[in-house]
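>
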Amino acid sequence: MTTSRIPGFYNLPLDERLDKLAEAAGVARADIIALQTAHGLMDEQADHMVENAVGTFALPLGIGLNFIVNGREVLVPMAIEEPSVVAGASFMAKLARSGGGFTASMSAPEMIGQMQVLDIKDLMAASLRLYEHKAELLAEADAVDPLLKKFGGGARDLEVRIIEESPIGAFLVLHLIYDVRDAMGANAVNTACEKLGAHVEELTGGRVHLKILSNLADRRLAKVQCTIPVKELAFGEGDPAGHPYSGEQVRDGIIEAWAFAAADLYRAATHNKGIMNGVDAVVIATGNDWRAIEAGAHAYAARDGRYTSLSTWSRDTQGNLTGELEMPMAVGIIGGATKVHPAAIAALKLMGVQTAAELAGIIVSVGLAQNLAALRALATEGIQRGHMSLHARQVAIAAGAVGDQIEQVAAQMVAEKTVRIDLAERIMKSLQ
Ligand code: NAD
Numbered sequence: 101m102t103t104s105r106i107p108g109f110y111n112l113p114l115d116e117r118l119d120k121l122a123e124a125a126g127v128a129r130a131d132i133i134a135l136q137t138a139h140g141l142m143d144e145q146a147d148h149m150v151e152n153a154v155g156t157f158a159l160p161l162g163i164g165l166n167f168i169v170n171g172r173e174v175l176v177p178m179a180i181e182e183p184s185v186v187a188g189a190s191f192m193a194k195l196a197r198s199g200g201g202f203t204a205s206m207s208a209p210e211m212i213g214q215m216q217v218l219d220i221k222d223l224m225a226a227s228l229r230l231y232e233h234k235a236e237l238l239a240e241a242d243a244v245d246p247l248l249k250k251f252g253g254g255a256r257d258l259e260v261r262i263i264e265e266s267p268i269g270a271f272l273v274l275h276l277i278y279d280v281r282d283a284m285g286a287n288a289v290n291t292a293c294e295k296l297g298a299h300v301e302e303l304t305g306g307r308v309h310l311k312i313l314s315n316l317a318d319r320r321l322a323k324v325q326c327t328i329p330v331k332e333l334a335f336g337e338g339d340p341a342g343h344p345y346s347g348e349q350v351r352d353g354i355i356e357a358w359a360f361a362a363a364d365l366y367r368a369a370t371h372n373k374g375i376m377n378g379v380d381a382v383v384i385a386t387g388n389d390w391r392a393i394e395a396g397a398h399a400y401a402a403r404d405g406r407y408t409s410l411s412t413w414s415r416d417t418q419g420n421l422t423g424e425l426e427m428p429m430a431v432g433i434i435g436g437a438t439k440v441h442p443a444a445i446a447a448l449k450l451m452g453v454q455t456a457a458e459l460a461g462i463i464v465s466v467g468l469a470q471n472l473a474a475l476r477a478l479a480t481e482g483i484q485r486g487h488m489s490l491h492a493r494q495v496a497i498a499a500g501a502v503g504d505q506i507e508q509v510a511a512q513m514v515a516e517k518t519v520r521i522d523l524a525e526r527i528m529k530s531l532q
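The numbering used here numbers the first residue of the sequence shown as 101 and each following residue consecutively.
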């Protein structure tokens, strides 16, 4: 990768954007051609992926520009239907660049497999017995996936939990901690749990019911931090039509907006949704399981019994704005659809990631950038202004506009400061 800064990228025709992208990323055009729908997932491939396939469902794929993650320039593929997300993330990545970019870190790629053990008479005695036989249980789980073991993964630990109260009374839960290296790990962990079932029944005298991965991957956390120099936050100054905001004003407004999410459930849901706008877009583009990431994110946001913001924003000793995001990040570059979907393969190639940890670091960086984009807009001119022209184009298309009409109808609605389908239809009529 040479640079993630491509000035004027948005002005180029789609095909030329691909050329620029290949050039900036230092990859062959053929390696990323699958990012274009015509070269992406084919119906025949889809037929092997799900049941009753009749076709594929496309989403726009945009490129997050300007990102530097752990000192490395990275162009980020983002699959998303919502306007403003790609632009917002790219713009905030540009601000973050001036503070050195994003610094990300990952804990070990350890997933948790759960076994629900029912019909146990003495839960404490059963727990002790499991701990006494921990070494042999771990060895058994470790032997399940020789390929994973070859790459340095495998069983790491066992934890026993007693659920005291439930609609069916008390029962025991065994957690198998499994290092899945560069895989998302669901299949690997589920297979290991299923293998251990009989041995656990024998040791506890109970009945092993569920054997399944937990999507609360709180041992597989990705953390990212960025600092935005306060002067970079100023905008609109000297613009008589706009609103001038000083850097300090924007910084403090962002911190106040974050505090709302930190303290209030209703706001926290929307705040985290903004983070997921960025996170999901990359997760989807790389063929990863976004339901798993969503489930993990929201469960983690409520880990202390109260749902709250996944990110924090504060002022550092120099008066700059600093943000942090920590969340579970169970993504892979091996397994699932990541090595099957041609666009996902191209997406990984474009980013030049070598490990799942590296991908996770990029994803949380985009999440934090997207969070900042929303907070900055909300704390200043409101979300609709930036959103309006892109939203207007979608409404124009929904009203039946095609070709040049799309821009004409959208521009008229923005000028009238009203973006509604009935207005779009009226403008269409007046054009005809
Ligand atoms: P997988 O089984 O397709 O691939 C993982 C396997 O690849 C490993 O077990 C290992 O044998 C092999 N491998 C080769 N090189 C490796 C390396 N460097 N690092 C790690 N493994 C390597 O996929 P998976 O990641 O176990 O499962 C992911 C899929 O499971 C996703 O499609 C997901 O949607 C699905 N799934 C999710 C859930 C859930 O989230 N609750 C449940 C079931 C299935």
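Even glycine gets a Cβ: it sits at the ideal position worked out from N, Cα and C. Predicted model only: the values in this text are computed from it and were never measured.
Can you give me the C-alpha to C-alpha distance between Leu-321 and Ile-463, rounded to a whole angstrom?
For Leu-321 and Ile-463, the distance between alpha carbons rounds to 12 Å.
> What residues match up with Glu-426 in a beta bridge as DSSP calls it?
For Glu-426, which the question treats as bridged, DSSP gives the partners Lys-323.
> Could you check what DSSP says for Pro-177 in three-state terms: helix, strand or coil?
The answer is strand: DSSP assigns Pro-177 an E or B state.
> When you measure from the CB of Arg-319 to every non-hydrogen atom of the ligand NAD, does any distance come out below 6 Å?
Arg-319: no, Cβ never under 6 Å from the ligand NAD.
> Have a look at Thr-518, Ala-255, His-441 and Asp-404 and flag the residue whose alpha-carbon is nearest the alpha-carbon of Met-149.
Selected option, being the one with the closest Cα: His-441.
> Helix, strand or coil: how does DSSP classify Leu-276 here?
Here Leu-276 sits in strand by DSSP.
> When every heavy atom of the ligand FMN is checked, does at least one fall within less than 6 Å of the C-beta of Ile-384?
Questions concerning the ligand FMN fall outside what the structure shown contains, since the ligands it does hold are the ligand NAD.
> Using the C-alpha atoms, what's the distance from Asp-279 back to Gly-305?
Answer to the nearest angstrom: the Cα atoms are 28 Å apart.
> Please determine whether the Cβ atom of Arg-281 lies at a distance below 6 Å from any heavy atom of the ligand NAD.
Yes; taking the cut-off as 6 Å, the Cβ of Arg-281 has a heavy atom of the ligand NAD nearer than that.
> Thinking C-alpha only, which one of Glu-240, Leu-475, Ala-402 and Thr-518 is nearest Phe-360?
Considering only alpha carbons, the answer is Leu-475.
> So within the region 183 to 233, which uninterrupted alpha helix (DSSP H) runs reach at least 4 residues, ignoring any that extend past its ends?
Complete alpha helix (DSSP H) runs here, min 4: 185 to 197 and 223 to 232.
> Return the CA-CA distance between Ala-363 and Ala-239, expressed in angstroms with no decimal places.
Taking the straight line joining both Cα atoms gives about 45 Å.
> Count the other CB atoms, across all protein chains shown, that sit within 10 Å of the CB of Val-154; report buried if there are 16 or more and exposed otherwise.
By the 10 Å Cβ count, Val-154 comes out exposed.
> What do you reckon, is the C-beta of Gly-254 under 6 Å from a heavy atom of the ligand NAD?
Not under cutoff, so the answer is no.
> Ends of the alpha helix (DSSP H) at Gly-396?
From DSSP, the alpha helix (DSSP H) with Gly-396 extends over 390 to 401.
> What is the rounded straight-line gap between the Cα of Ile-521 and the Cα of Gln-508?
Computed Cα separation, rounded: 14 Å.
> Mapping the DSSP letters down to three states, classify Lys-439 as helix, strand or coil.
In this structure, Lys-439 counts as coil in the three-state DSSP scheme.
> Less than 7 Å separating the beta-carbons of Leu-478 and Gly-423?
Contact: no.
> Spell out a yes or no on whether the region 213 to 221 and the region 259 to 277 are touching, meaning 3 or more CB-CB pairs, one atom from each, closer than 8 Å.
Yes: the two stretches touch, three or more of their Cβ pairs being nearer than 8 Å.
> From the DSSP output, in three-state form, read off Val-382 for me.
DSSP places Val-382 in helix when its eight states are reduced to three.
> Nearest-angstrom Cα distance between Arg-105 and Leu-195?
C-alpha separation (whole angstroms): 12 Å.
> Indicate whether the contact test is met: 3 or more Cβ pairs, each with one atom in the region 493 to 513 and one in the region 369 to 382, closer than 8 Å.
Segments in contact, no.
> With DSSP as the reference, please indicate the residues paired to Glu-259 in a beta bridge.
The partner list for Glu-259 (beta bridge, DSSP) reads His-275.
> If you draw a straight line from the C-alpha of Gly-419 to the C-alpha of Glu-332, how long is it?
Going by the C-alpha atoms only, they are around 12 Å apart.
> Is Asn-287 a contact residue of the ligand NAD, with contact defined as CB to any heavy atom under 6 Å?
Under cutoff, so the answer is yes.
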